[in-house]
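These protein sequence lines are chains A and B, in that order.
One point on numbering: in my numbering, the residue at position 48 of the first sequence is 48, and numbering is uninterrupted.
With the second sequence counted from 1, adding 1000 to any position gets you my numbering.
Beta carbons: idealized from backbone N, C-alpha and C, even for Gly.
Computed from a predicted structure; not experimentally measured.
Remarks on the structure that follows.
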Amino acid sequence: MPDNIKIYKADNFASLKPSAIFIDLLEGLKLWRIWLALSWQEFKSSYRRSLFGVFWVLASFTGFVFIKLIIFSALITTEDGKLYNAYLTIGLYVWMYLVLVVNSAPSTFTGASGWMRSEALPYSLYVFKNIMREFYNLGLTFLVVIAAIIYIGFKPKIGSIYAIPAILFYAVNAIWIKLLFGIIGARFRDIGHFVSAITLPMMFLTPIFWLPEQMPGLMKYLWWNPFYHYIEIFRTPILTGEIPIISWIFVLSLFSLGWICLIIIYARFSRRVVFWL
Amino acid sequence: MASIEANNMSLHYRVSGHGGTKFSGASTPSNLIQLGRKKYILALNKLNFSIQNGQRVGLIGRNGSGKSTLLRVLGGIYTPTAGQLSVSGNVSSMFNMNLGVQPDASGRENIVIRGLIKGWRRSEIEVRMNEIIDFSELNDFIDLPLRTYSDGMKMRLLFAIATSFSPEILLLDEWIGAGDTSFQTKAANRMNNLVDKAGIVVIASHNRNLLKRVCTRAVWLDQGKMRAFGEIEDVFQKMDEETT
């Protein structure tokens, strides 16, 4: 059975071919039954022993959105109150998801150390598992967004369908973020703490509560904040029906840059990750 | 046809996240290496061996001699840092009762997850489900979360899953740490059947009686080096002569 023979060479330890990451991804995709089962298990078990279970996700996000709506609508008066309230709700929704993705990225592999030290599975499997688990949250909290949009009385534009590619992009984009930061975060444990330390200040440096037009001086610098563009690609089509071309160019450039870093880092260091756990 | 072959295989790794204390020098084990401020563990040092069909091999040696590391290299978890290893055959392993399980999921759910990891289809898992539950003697515990199991129960379940579907190569690390005598007999029989179907079993253990009962050959590891490889009685004899 020649297909069963596995040869482990020392050359593979020092450096893999640049294509190694794609082989890993392909093998990981083939094992979709495993990551689907694991992600669902983890999602269920995080609420398993609580009385209200998954309603806690809804309750915490609902509270967050409605309190922000009450406070910030009173503080900021724009011509169109409905538009501002929808802007705030959708911005918060995407922000919460992005923070979830980024904050958990450095612990992608350290969090799976038990599995990684007992089974030889592709690294992308743990990435797909976490992406799925976060997508369950994204889907569930979308119910709150719909409720809030109805409550506000905002009518989404036909162009809202352009927000769908953004959602798909979030899932694909999370692959490089989780693999790259997962590998770096396993070696340098400070990365995880650093990422969670900057997300709170970043929340106020990203146009979620305020509009870019209100802070033209500050926006010259904050334009480079990637979170702004990630939010824009989803928020703008719903609010105005237009496609934010510039923001798409920004996030796709960052995507390419991230992948180049990942291909290099994966080829060079991926065989060592298991020793760092 | 299952086989394992190692040529000059070594494995070292850097100890990360550790302070700058110096090793004592004279009494430092030979597999700990310090280069400047960096510290390395030479866990496996130029191993050469080949294991053929139908062989049951015991890994013996003191704590920290490299037994678990060698099993993980055979399982494809660690990549050798020098030399080469070729493994031919489906590998099934049981390294640690607490790794690779979902503690909050029931025994049944864990069978499904581990089955999927071993590459079985859902339908194949369903067919094997009752056999695994019977063999593990868990009865009604199978629907309770794994965290409520004793070590012995977890061991029985994981052993039943790992040996179901007769893998060609079975790797076991200290699996006998728990479990009563009647189960041990059952387990030994199941492993014998597996080896009869032209498979390979590699077991790391400190339990001499168990190894003598189950294994035909042994590898003696000492600080990452292979001191002996051959018939199990001969290896134990050599070990006794040279360590006392």
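Tell me, to the nearest whole angstrom, how far the beta carbon of residue i is from that of residue j; I am working on the premise that it is less than 8 angstroms.
{"i": "residue 284 of chain A", "j": "residue 94 of chain A", "result": "Because residue 284 of chain A is not part of the residues shown, which for chain A are 1 to 277, the question remains open."}
{"i": "residue 122 of chain A", "j": "residue 27 of chain A", "result": "4 angstroms"}
{"i": "residue 1089 of chain B", "j": "residue 1168 of chain B", "result": "3 angstroms"}
{"i": "residue 23 of chain A", "j": "residue 125 of chain A", "result": "Between residue 125 of chain A and residue 23 of chain A the Cβ distance is about 13 angstroms, and since that is not below 8 angstroms, they are no contact."}
{"i": "residue 1162 of chain B", "j": "residue 1092 of chain B", "result": "5 angstroms"}
{"i": "residue 234 of chain A", "j": "residue 90 of chain A", "result": "7 angstroms"}
{"i": "residue 116 of chain A", "j": "residue 274 of chain A", "result": "6 angstroms"}
{"i": "residue 1008 of chain B", "j": "residue 1076 of chain B", "result": "In fact, because the Cβ distance is near 19 angstroms, the residues do not count as touching under 8 angstroms."}
{"i": "residue 98 of chain A", "j": "residue 72 of chain A", "result": "About 19 angstroms; that fails the 8 angstroms criterion."}
{"i": "residue 129 of chain A", "j": "residue 38 of chain A", "result": "5 angstroms"}
{"i": "residue 114 of chain A", "j": "residue 1100 of chain B", "result": "6 angstroms"}
{"i": "residue 58 of chain A", "j": "residue 144 of chain A", "result": "6 angstroms"}
Using three-state DSSP, classify residue i as helix, strand or coil.
{"i": "residue 107 of chain A", "result": "helix"}
{"i": "residue 194 of chain A", "result": "helix"}
{"i": "residue 1034 of chain B", "result": "strand"}
{"i": "residue 1145 of chain B", "result": "strand"}
{"i": "residue 56 of chain A", "result": "helix"}
{"i": "residue 1098 of chain B", "result": "coil"}
{"i": "residue 1049 of chain B", "result": "strand"}
{"i": "residue 1220 of chain B", "result": "strand"}
{"i": "residue 2 of chain A", "result": "The predicted model places residue 2 of chain A with a pLDDT of 42, which falls under 50 and marks its position as unreliable; any figure quoted below should be read in that light. Helix at residue 2 of chain A."}
{"i": "residue 1151 of chain B", "result": "helix"}
{"i": "residue 1234 of chain B", "result": "helix"}
{"i": "residue 1212 of chain B", "result": "helix"}
{"i": "residue 1128 of chain B", "result": "helix"}
{"i": "residue 949 of chain B", "result": "Chain B is shown from 1001 up to 1244; residue 949 of chain B falls before or after that span and cannot be answered."}
{"i": "residue 1110 of chain B", "result": "helix"}
{"i": "residue 203 of chain A", "result": "helix"}
{"i": "residue 1088 of chain B", "result": "strand"}
{"i": "residue 235 of chain A", "result": "helix"}
{"i": "residue 1171 of chain B", "result": "strand"}
{"i": "residue 117 of chain A", "result": "coil"}
{"i": "residue 1006 of chain B", "result": "strand"}
{"i": "residue 126 of chain A", "result": "helix"}
{"i": "residue 229 of chain A", "result": "helix"}
{"i": "residue 1228 of chain B", "result": "strand"}
{"i": "residue 220 of chain A", "result": "helix"}
{"i": "residue 1058 of chain B", "result": "strand"}
{"i": "residue 44 of chain A", "result": "helix"}
{"i": "residue 7 of chain A", "result": "strand"}
{"i": "residue 1083 of chain B", "result": "strand"}
{"i": "residue 1200 of chain B", "result": "strand"}
{"i": "residue 93 of chain A", "result": "helix"}
Is there a Cβ of chain A sitting closer than 7 angstroms to that of residue i, yes or no?
{"i": "residue 1115 of chain B", "result": "no"}
{"i": "residue 1086 of chain B", "result": "yes"}
{"i": "residue 1013 of chain B", "result": "yes"}
{"i": "residue 1005 of chain B", "result": "no"}
Taking 7 angstroms as the threshold (beta carbon to beta carbon), is residue i in contact with chain B?
{"i": "residue 111 of chain A", "result": "no"}
{"i": "residue 8 of chain A", "result": "yes"}
{"i": "residue 82 of chain A", "result": "no"}
{"i": "residue 303 of chain A", "result": "Because chain A in this structure spans residues 1 to 277, residue 303 of chain A falls outside the shown range and cannot be described."}
{"i": "residue 146 of chain A", "result": "no"}
{"i": "residue 5 of chain A", "result": "yes"}
Give a single yes or no on whether residue i has its beta carbon closer than 6 angstroms to a heavy atom of the ligand MN.
{"i": "residue 147 of chain A", "result": "For the structure depicted, the ligand MN is absent and the ligand set is empty, with no information on it obtainable."}
Is the stretch 259–270 of chain A touching the stretch 232–240 of chain A in the sense that three or more CB pairs, one from each, lie closer than 8 angstroms?
Contact between the stretch 232–240 of chain A and the stretch 259–270 of chain A is not established, with fewer than three Cβ pairs separated by less than 8 angstroms.
With a threshold of 8 angstroms, are at least 3 pairs of Cβ atoms found where one atom belongs to the stretch 98–113 of chain A and the other to the stretch 1058–1067 of chain B?
Too few Cβ pairs lie closer than 8 angstroms, so no.
Along the stretch 1069–1080 of chain B, what residues have a CB closer than 8 angstroms to any CB found in chain A?
Look at the stretch 1069–1080 of chain B: the residues with a C-beta under 8 angstroms from a C-beta of chain A are 1072, 1073, 1075, 1076, 1077, 1078, 1079, 1080.
Any residues in the stretch 248–276 of chain A with a beta carbon nearer than 8 angstroms to a beta carbon of chain B? Which ones, in chain order?
Cβ contacts with chain B come from 271, 272, 274, 275, 276.
Cβ contact (3+ pairs, closer than 8 angstroms) linking the stretch 1204–1218 of chain B and the stretch 1231–1239 of chain B
Yes, since at least three Cβ pairs between the stretch 1204–1218 of chain B and the stretch 1231–1239 of chain B fall closer than 8 angstroms, the two stretches touch.
Residues of the stretch 58–69 of chain A with Cβ closer than 7 angstroms to any Cβ of chain B, in chain order
Listed in sequence order: no entries.
Closer than 9 angstroms between beta carbons: that is the criterion. Which residues of the stretch 1085–1109 of chain B meet it against chain A?
Answer set for the stretch 1085–1109 of chain B: 1085, 1086, 1087, 1088, 1089, 1090, 1091, 1093, 1094, 1095, 1096, 1098, 1099, 1100, 1101, 1102, 1103, 1104, 1105, 1109.
May I ask you to list, following chain order, the residues of the stretch 114–135 of chain A that have a beta carbon less than 8 angstroms from some beta carbon of chain B?
For the stretch 114–135 of chain A, which is checked against every Cβ of chain B, the residues closer than 8 angstroms are 114, 115, 116, 117, 118, 119, 120, 121.
How do the stretch 219–229 of chain A and the stretch 153–166 of chain A stand: do at least 3 beta-carbon pairs fall below 8 angstroms, yes or no?
Note that the stretch 219–229 of chain A does not touch the stretch 153–166 of chain A; fewer than 3 beta-carbon pairs, one per stretch, sit closer than 8 angstroms.
Does the count of Cβ pairs from the stretch 1144–1155 of chain B and the stretch 1098–1113 of chain B closer than 8 angstroms reach three?
Proximity of the stretch 1144–1155 of chain B to the stretch 1098–1113 of chain B meets the contact definition, three or more beta-carbon pairs being nearer than 8 angstroms.
Are the stretch 1006–1015 of chain B and the stretch 1032–1042 of chain B touching, with three or more C-beta to C-beta distances below 8 angstroms?
With a cut-off of 8 angstroms, the stretch 1032–1042 of chain B and the stretch 1006–1015 of chain B count as touching, because enough Cβ pairs lie within range.
In the stretch 37–57 of chain A, which residues sit with their C-beta less than 7 angstroms from some C-beta in chain B, listed in chain order?
Legend: CB atoms of the stretch 37–57 of chain A lying less than 7 angstroms from CB atoms of chain B belong to residues 37, 38, 41, 45, 48.
Is the stretch 82–101 of chain A touching the stretch 151–158 of chain A, taking contact as three or more C-beta pairs under 8 angstroms?
Flag = yes, the stretch 82–101 of chain A and the stretch 151–158 of chain A touch.
Please determine if the stretch 1042–1056 of chain B and the stretch 1067–1074 of chain B are in contact, where contact requires at least 3 C-beta pairs separated by less than 8 angstroms.
With the rule of 3 Cβ pairs closer than 8 angstroms, the stretch 1042–1056 of chain B counts as touching the stretch 1067–1074 of chain B.
Is the number of C-beta pairs between the stretch 43–58 of chain A and the stretch 129–141 of chain A that are closer than 8 angstroms three or more?
By the Cβ criterion, the stretch 43–58 of chain A is in contact with the stretch 129–141 of chain A, since at least three pairs of Cβ atoms, one from each stretch, lie closer than 8 angstroms.
Quick one: which residues of the stretch 1209–1228 of chain B get their C-beta closer than 8 angstroms to a C-beta of chain A? List them in chain order.
Correct list: empty, as no residue qualifies.
If contact means a Cβ-Cβ distance below 7 angstroms, which residues of the stretch 1112–1145 of chain B contact chain A?
The residues in question are 1112, 1113, 1116, 1117.
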